[in-house]
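2 protein chains.
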Amino acid sequence: MPATGVPAAPAGQPLAQHTGYLLIKLGEVTLAIAERALAPLNLRARHFNVMTMVAADITLSQQDLSGQLGLDPTIMVALVDDLERRGFLRRERSQKDRRRYVLQLTPAGQRTLQRALTVIEEAESKLLAPLNSHEAGLLQELAGRLLAPHWPPRHT
Amino acid sequence: MPATGVPAAPAGQPLAQHTGYLLIKLGEVTLAIAERALAPLNLRARHFNVMTMVAADITLSQQDLSGQLGLDPTIMVALVDDLERRGFLRRERSQKDRRRYVLQLTPAGQRTLQRALTVIEEAESKLLAPLNSHEAGLLQELAGRLLAPHWPPRHT
DNA sequence: TATTGTTATACTCTATAACTATA
DNA sequence: TATAGTTATAGAGTATAACAATA
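From first to last, the protein sequence lines are chains A and B.
The first sequence begins at 4 in the working numbering and counts up one residue at a time.
The second sequence begins at 4 in the working numbering and counts up one residue at a time.
Structure follows, in structure tokens:
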């Protein structure tokens with residue numbers, strides 16, 4: 004095509020032809036939905052992520068969590084502070100390495116995580132409603148394949 | 004499952020089972036890739052989006068653009084200021100409604116958009132490399148279907 | 001010396017409200 | 001009165017650097 008012109012694009016939504024644009028906007032929409040679903044529990048999506056990780060693996064330090072979730076360690080401090088202040092988890096010094104914390108959900112934290120999981124799965128199911136179960140599984144698989152080479156991100 | 008406990012999850016990546024989490028992180032990764040690809044042109048992804056929209060439809064006002072791109076109108080002002088200052092587009096008052104601006108790419112803007120399009124498509128192709136062409140088309144279609152009910156977002 | 005967690009702080013980003021000019 | 005665009009500014013969110021405790 005000539006250097007003097009840009010090809011005419013369909014007026015409707017020229018950006019919708021870019022898969023990348025769709026993925027970015029879909030990510031934003033999905034995050035907004037998750038935040039709205041968790042708001043009644045006074046939780047942010049990050050709280051849910053941290054609690055889910057801690058519930059699955061007690062041996063994770065705060066910096067392990069930062070790395071796996073792609074958050075700055077200083078943000079993790081504030082997040083864990085908040086969850087601890089609200090009685091959802093406890094910090095205990097690791098016996099093997101007393102610089103590290105071992106994080107552990109309290110019973111209240113486990114109950115809250117369970118409720119959060121319920122609303123998250125409900126929201127997710129609404130978001131995925133336009134897809135049949137085969138398509139939903141396919142999307143899950145494709146997204147996972149695309150993400151794998153880039154996650155966790157190397158912190159700048 | 005009992006209220007006193009949360010089901011044991013695979014330690015590897017408990018969040019990866021949530022499609023929503025994958026979509027959010029994939030969106031973040033995709034945006035980061037786009038920003039990195041455009042950085043040598045001194046453009047942000049938003050610049051590219053605005054220029055693409057303006058190239059496709061000259062009749063869009065700044066608030067039309069804000070709405071379609073999901074950005075606050077005040078952010079659009081700064082964006083258009085920047086593009087105008089760099090000689091990539093011009094503001095002209097609409098004849099039909101002199102409150103509105105009609106935005107128009109300059110020849111330099113068209114050339115820059117063309118170069119931006121090249122690097123964006125290159126980056127997109129790298130991102131999608133793990134998929135064959137059928138899968139890539141499928142992802143495009145599924146993402147579009149999921150996004151449609153939620154876009155553009157109703158500004159809070 | 002290096003690492004975990006922490007604090008203080010500066011920086012970016014965004015949204016809010018108030019204004020003007022046009023309608 | 002309402003709308004398009006603008007400005008100033010406050011608020012949220014983030015990252016940077018420096019520090020204490022431990023390895």
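Note that beta-carbon positions come from the ideal geometry of N, C-alpha and C, so glycine has one too.
If we ignore side chains and look at the alpha-carbon of each, how far apart do Gln-66 (chain A) and Arg-88 (chain B) end up?
43 angstroms
Determine the extent of the alpha helix (DSSP H) in which Gln-160 (chain A) is found, giving its start and end residues.
Residue 160 (chain A) is absent from the structure shown; chain A starts at 4 and stops at 159.
With 16 as the cutoff for other CB atoms within 10 Å, does Gln-107 (chain A) come out buried or exposed?
exposed
Looking at C-alpha atoms only, which residue of A:Thr-62, A:Arg-102, A:Leu-63, A:Leu-72 is the closest neighbour of Arg-49 (chain A)?
A:Leu-72
If we define contact as Cβ-Cβ less than 7 angstroms, is Leu-25 (chain A) a contact residue for chain B?
yes
Is the distance from the Cβ of Gly-23 (chain B) to the Cβ of Glu-31 (chain A) below 7 angstroms?
no
Please list, in chain order, the chain A residues whose beta carbon lies closer than 9 angstroms to that of Thr-50 (chain B).
Rather than Thr, the amino acid found at residue 50 (chain B) in this sequence is His. Result: empty, since nearest Cβ-Cβ is about 13 angstroms, beyond 9 angstroms.
7 angstroms Cβ cutoff, Glu-138 (chain B) in contact with chain A
yes
Identify the contact partners of Lys-99 (chain A) in chain B, using a Cβ-Cβ distance below 8 angstroms as the criterion.
Within chain B, no residue comes near Lys-99 (chain A); the closest Cβ sits about 18 angstroms away, beyond 8 angstroms.
Opposing strand residues paired with Arg-114 (chain A) [DSSP bridges]:
Bridge partners of Arg-114 (chain A): none, in fact.
Whole-Å CB distance - Thr-55 (chain B) paired with Leu-18 (chain A), under 8 angstroms assumed
6 angstroms
Consider the Cβ of Ala-37 (chain B): report whether some Cβ of chain A lies at a distance smaller than 7 angstroms.
yes
Check whether chain B comes within 7 angstroms of Gly-30 (chain A), counting only Cβ atoms and requiring the distance to be less than that.
yes
Could you give the first and the last residue of the continuous beta strand (DSSP E) run that contains Leu-170 (chain A)?
No answer is possible for residue 170 (chain A): it lies beyond the span of chain A, which begins at 4 and ends at 159.
Is the beta carbon of Leu-116 (chain B) sitting closer than 7 angstroms to the one on Ala-58 (chain B)?
yes
Leu-90 (chain A) touches chain B at which residues, Cβ-Cβ below 9 angstroms?
In the sequence on display, residue 90 (chain A) carries Gly and not Leu. Within chain B, no residue comes near Gly-90 (chain A); the closest Cβ sits about 16 angstroms away, beyond 9 angstroms.
Pick helix, strand or coil for Leu-131 (chain A), following the three-state DSSP scheme.
coil
CB of Phe-51 (chain A) within 7 angstroms of CB of Ala-111 (chain A), strictly
no
So Gly-147 (chain B) and Leu-25 (chain A) are in contact, right, with Cβ under 8 angstroms, and what is the actual spacing, rounded?
6 angstroms
Using DSSP bridges, identify the partner residues of Leu-92 (chain A).
A:Leu-108
Could you list which residues in chain B have their beta carbon closer than 8 angstroms to that of Pro-43 (chain A), in chain order?
Under the 8 angstroms cutoff, chain B gives no residues; its nearest Cβ is about 17 angstroms from Pro-43 (chain A).
Using a Cβ-Cβ cut-off of 7 angstroms, state whether Thr-22 (chain B) counts as contacting chain A.
yes
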